[in-house]
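K.L.:
Below: one structure in structure tokens.
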Amino acid sequence: MSVPGASTGAVPTPYDAAFWLLDRWSDVLSVFGEEFGIEMLQYGFMHRAFLVGMLIAVMAPLIGTFLVHRQLALIGDALAHTAFAGVAVGLFVNATLGTGVSPYLAAVVVAMLAALAIELISEVTDAYNDVSMAIVLSTGFALGAVLISLNAGGLAVGVNQYLFGNLSTVTNENAALLLGLFTVIALVVGITYKQLLYVTFDETAARVAGINVPWYNRIMSMLTAMVVVGAMQIMGVILVAAMLVVPVAGATQVARSFREALLASVILAEIAVLVGITLSFQYESTAGGTIVLVAVALYIIAVLLGKLQSSRAETDAPTAPDGSSAD
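Residues in the sequence shown are numbered consecutively from 1, following UniProt numbering.
In structure tokens form, the structure reads like this:
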């Protein structure tokens, strides 16, 4: 498939470029599957599922590492529930007005507004972050439930894939949207990395240094919203927050620095996604649940390795003549 618009002389759009990349990715996996006799790589939906999963495995830890160190692990859950409201808005508008609004695009908009609402509630009312997150979470899920009920249950069947995730429903359009979100997230984190790191570990010092802390808090919240919507395609609303937290929690057990934790969390997330999607296809299980179970298993292994490292360090530590540690 050629890039749309190329033959007519029209300037290709970012969407056209994304579709071209998807085609090339699919070609590579098809050849690889034929060469090694891997059945699941003969299906187009699996090509998209692996691509989306691998992108999520980079995006989620990239943002989740900041969130975990800021003790904001639950913000992913709050935004996932508001993203569900966005999906419900998209489905409701399509059902009542007959438009072609993408539910995922609606979810992006609603989740980003919710991210800003969390920060605004905390700033205006001096409420703790967990209070503002609880308010936004409850409001989002309630709105989604109401919109579904107003359509006399007609959206209930269609919304299941968003609640639990589904490999076979990842379309080219959704994959292209995720490619766009991935690009934005990677660029923003790359440009603002030092400021985000400063704000993460010492907000007071960051304010003294002249960094606009509320602004960077909003950036982090909006990036989280993008990750949540992207991961929702495979993980579903109910399990999406796990990819922001579990790989990062495992990485912190074995890493010695923030950068090491970031890299290790991406590696753990990639393993969880690739193994989880493969097992999901082989045993026809829910993709999101399978990925999370693999991630939790990797977390347990990381905890055991961390304990082993600690015990070895204590054993190797030099001791004073009286038997006490030299430290």
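For each residue, glycine too, the CB sits at the ideal point set by N, CA and C.
Expressed to the nearest angstrom, what Euclidean distance is found between the alpha-carbon atoms of R256 and A264?
P.N.:
One C-alpha to the other measures close to 10 Å.
K.L.:
Among V87, I267 and V199, which residue has its Cα nearest to the Cα of Q71?
P.N.:
Among V87, I267 and V199, the Cα nearest to that of Q71 belongs to V199.
K.L.:
Please report the straight-line C-alpha distance between L67 and E314, rounded to a whole angstrom.
P.N.:
Distance between the alpha carbons of L67 and E314 is about 30 Å.
K.L.:
Report the rounded CA-to-CA distance for G230 versus L177, giving the unit in angstroms.
P.N.:
Rounded to the nearest angstrom, the two C-alpha atoms are 8 Å apart.
K.L.:
I believe S221 touches L116 by the beta-carbon criterion, under 8 Å. Please report the beta-carbon distance rounded to the nearest angstrom.
P.N.:
S221 to L116, Cβ: 7 Å. Contact.
K.L.:
Quick check on A73: does DSSP put it in helix, strand or coil?
P.N.:
A73: coil per DSSP, three-state reduction.
K.L.:
Does DSSP put D202 in a helix, in a strand, or in coil?
P.N.:
Residue state, collapsed to three classes: coil.
K.L.:
According to DSSP, is L187 part of a helix, a strand, or is it coil?
P.N.:
Here L187 sits in helix by DSSP.
K.L.:
Look at the alpha carbon of G153 and the alpha carbon of I135, and state the distance between them as a whole number of angstroms.
P.N.:
Confidence is the limiting factor: at G153 the pLDDT is only 49, short of 50, which leaves the residue's position unreliable, though a coordinate-based value still follows. Those two C-alpha atoms are separated by around 25 Å.
K.L.:
If you drop the 5 nearest sequence neighbours on each side, which residues of the same chain put their C-beta closer than 7 Å to that of residue 371?
P.N.:
For residue 371 there is no data in the structure shown, the boundaries of the chain being 1 and 327.
K.L.:
Quick check: what's the CA-CA separation for L147 versus L137?
P.N.:
Their Cα atoms are separated by approximately 16 Å.
K.L.:
Reducing DSSP to helix, strand and coil, say where G44 ends up.
P.N.:
Here G44 sits in helix by DSSP.
K.L.:
Could you check whether I211 and G250 sit closer than 9 Å to each other, using their CB atoms as the reference points?
P.N.:
No. Outside cutoff.
K.L.:
Could you name the residues of the same chain whose beta carbon sits closer than 6 Å to that of G99, not counting the 5 residues immediately before and after it, in chain order?
P.N.:
A small correction: the amino acid at residue 99 is Thr; Gly does not occupy that position in the sequence shown. Around T99: V93.
K.L.:
What distance in whole Å lies between the Cβ atoms of L167 and S280, which are believed to be in contact at a cut-off of 8 Å?
P.N.:
Confirmed, Cβ separation roughly 6 Å.
K.L.:
Return yes when the Cβ of L268 is within less than 9 Å of the Cβ of V298, no when it is not.
P.N.:
First, the amino acid is wrong: residue 298 is Leu here, not Val. Going by C-beta atoms, L298 is nearer than 9 Å to L268.
K.L.:
In chain order, what residues of the same chain lie with their CB nearer than 7 Å to the CB of Y216, ignoring the 5 residues before and after it?
P.N.:
These residues qualify, in order along the chain: T192, Q195, L196 and V199.
K.L.:
Using a 10 Å radius around the Cβ and a threshold of 16 neighbouring Cβ atoms, would you call R48 buried or exposed?
P.N.:
Per the 10 Å Cβ criterion, buried.
K.L.:
Can you give the beta carbon distance from E270 to M40, rounded, assuming they're within the 8 Å contact cut?
P.N.:
Rounded, the Cβ-Cβ distance is 17 Å, inconsistent with contact.
K.L.:
Report all residues from its chain with a CB closer than 8 Å to the CB of V189; omit the five preceding and five following residues, and keep chain order.
P.N.:
Closer than 8 Å at Cβ, skipping near neighbours: L62, I63, L196 and L223.
K.L.:
If you count every other CB in all the chains shown that lies within 10 Å of the CB of D77, and 16 or more means buried, which is it?
P.N.:
That one is buried.
K.L.:
Look at G180 and A18 and say whether their C-beta atoms are less than 9 Å apart.
P.N.:
A contact, by the Cβ cut-off of 9 Å.
K.L.:
Taking only three categories from DSSP, how would you classify E123?
P.N.:
Here E123 sits in helix by DSSP.
K.L.:
Can you give the Cα-Cα distance for S149 and M133, rounded to whole angstroms?
P.N.:
Going from the Cα of S149 to the Cα of M133 covers about 24 Å.
K.L.:
Can you tell me whether Q282 is buried or exposed? The criterion is at least 16 other CB atoms within 10 Å of its CB, across all chains shown.
P.N.:
That one is exposed.
K.L.:
By the 10 Å Cβ neighbour count, where 16 or more other Cβ atoms means buried, how is S285 classified, buried or exposed?
P.N.:
Flag for S285 reads exposed.
K.L.:
A60 and A85 - do their beta-carbons sit closer together than 9 Å?
P.N.:
It is not a contact, given that the beta carbons lie outside the stated cut-off.
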